[in-house]
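Before any comments, here is the structure.
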Amino acid sequence: MKKERFPLELLVPQVGTMSWNDFGASIDIPLEPFELPHIGKVETRIRIDCLPIEGCDAASLVGHSYQFPLDQDAVNPEGGIYIEHAHHPVDLIALAFRSADEDSIEAHLVVNFAFDFEGLTDREDREYDDIGWQFVTRLVVRSPRFEIALRDRRLARRRRAARNR
Numbered sequence: 163m164k165k166e167r168f169p170l171e172l173l174v175p176q177v178g179t180m181s182w183n184d185f186g187a188s189i190d191i192p193l194e195p196f197e198l199p200h201i202g203k204v205e206t207r208i209r210i211d212c213l214p215i216e217g218c219d220a221a222s223l224v225g226h227s228y229q230f231p232l233d234q235d236a237v238n239p240e241g242g243i244y245i246e247h248a249h250h251p252v253d254l255i256a257l258a259f260r261s262a263d264e265d266s267i268e269a270h271l272v273v274n275f276a277f278d279f280e281g282l283t284d285r286e287d288r289e290y291d292d293i294g295w296q297f298v299t300r301l302v303v304r305s306p307r308f309e310i311a312l313r314d315r316r317l318a319r320r321r322r323a324a325r326n327r
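Okay, so the sequence shown: first residue is 163 according to this note's numbering, each after it adds one.
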């Protein structure tokens with residue numbers, strides 16, 4: 163079966179988020195819903211975890227860039243996208259941060275969709291090949307301090323709810 167180019171022009175990134183946990187930074191970028199021929203409407207997002215980026219605020223990220231070689235020996239961030247109930251790995255190759263405002267930053271990403279991993283085939287047996295994509299989006303930065311405050315608020319709510327039972 164001849165592999166076809168995935169129609170990247172269908173992918174429109176929305177404003178995403180960047181947050182931190184015990185494993186590093188995470189980026190979550192929803193995509194505008196799109197139609198794939200003979201698959202139908204696709205609602206999905208790109209998720210990238212385990213980024214080796216120190217927790218900070220949007221302004222302190224400006225001007226920083228990161229390269230992630232596609233080397234089997236390298237420990238790289240873990241990314242993925244779900245299309246038609248299948249997980250397709252997304253390799254983050256490069257990430258650069260540009261202008262920031264109070265709580266968000268412009269991010270330039272270079273990724274590779276590994277559609278060969280699970281196989282992405284439409285209903286007419288067209289199979290899509292792995293493909294690279296460069297795009298720009300805004301990320302709302304949820305700093306570690308924000309995450310800790312959010313966790314503390316959730317714990318306090320749970321404790322109050324438990325006492326009121």
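Ideal Cβ placement from N, Cα and C applies to all residues, glycine included.
Small disclaimer: the values here were computed from a predicted structure and weren't measured.
Excluding the 5 residues flanking residue i on each side, which residues of the same chain have their C-beta closer than 6 Å to its C-beta?
{"i": "V298", "result": "H270"}
{"i": "I210", "result": "I189, P239, G241 and L254"}
{"i": "L173", "result": "L193"}
{"i": "W295", "result": "L170 and V273"}
If you run the structure through DSSP and keep just helix, strand and coil, what is residue i?
{"i": "S262", "result": "Here residue 262 is Ala; the residue named in the question, Ser, does not match the sequence. Strand, per DSSP."}
{"i": "L301", "result": "strand"}
{"i": "A221", "result": "helix"}
{"i": "D190", "result": "strand"}
{"i": "L213", "result": "strand"}
{"i": "E197", "result": "strand"}
{"i": "R325", "result": "helix"}
State the beta-bridge partners of residue i as determined by DSSP.
{"i": "H250", "result": "I243"}
{"i": "E289", "result": "K165 and T283"}
{"i": "L271", "result": "L257 and F297"}
{"i": "V237", "result": "Answer by DSSP bridge pairing: none, since V237 is not bridged."}
{"i": "P175", "result": "L193"}
{"i": "R207", "result": "P192"}
Measure how close the beta-carbons of residue i and residue j come, nearest whole angstrom, since I'm counting them as under 8 Å.
{"i": "E280", "j": "A248", "result": "4 Å"}
{"i": "A220", "j": "A262", "result": "4 Å"}
Short of 8 Å in beta carbon distance, which residues of its chain neighbour residue i, apart from the five on each side in sequence? Order them along the chain.
{"i": "F168", "result": "F275, F277, L282, Y290, D291 and I293"}
{"i": "Q176", "result": "I191, P192, L193, E194 and T299"}
Cutting at 7 Å between CB atoms, please list the residues of its own chain near residue i, excluding the five before and the five after it.
{"i": "T179", "result": "D190, L301, V302 and R304"}
Using 8 Å as the threshold, is the stretch 200 to 210 in touch with the stretch 240 to 250, meaning 3 or more CB pairs across them? For the pair of segments examined, the stretch 200 to 210 was found to touch the stretch 240 to 250: the number of CB pairs separated by less than 8 Å reaches three.
So, do the stretch 209 to 223 and the stretch 194 to 201 have three or more beta carbon pairs nearer to each other than 8 Å? Remark: fewer than three beta-carbon pairs, one from each stretch, lie closer than 8 Å, so the stretch 209 to 223 and the stretch 194 to 201 are not flagged as touching.
Whether or not the stretch 222 to 231 and the stretch 181 to 190 are in contact is what I'm after, with contact meaning three or more pairs of Cβ atoms, one per stretch, closer than 8 Å; do they touch? Using a Cβ-Cβ distance cut-off of 8 Å, the stretch 181 to 190 and the stretch 222 to 231 are not in contact, since fewer than three pairs of beta carbons, one from each stretch, lie closer than that value.
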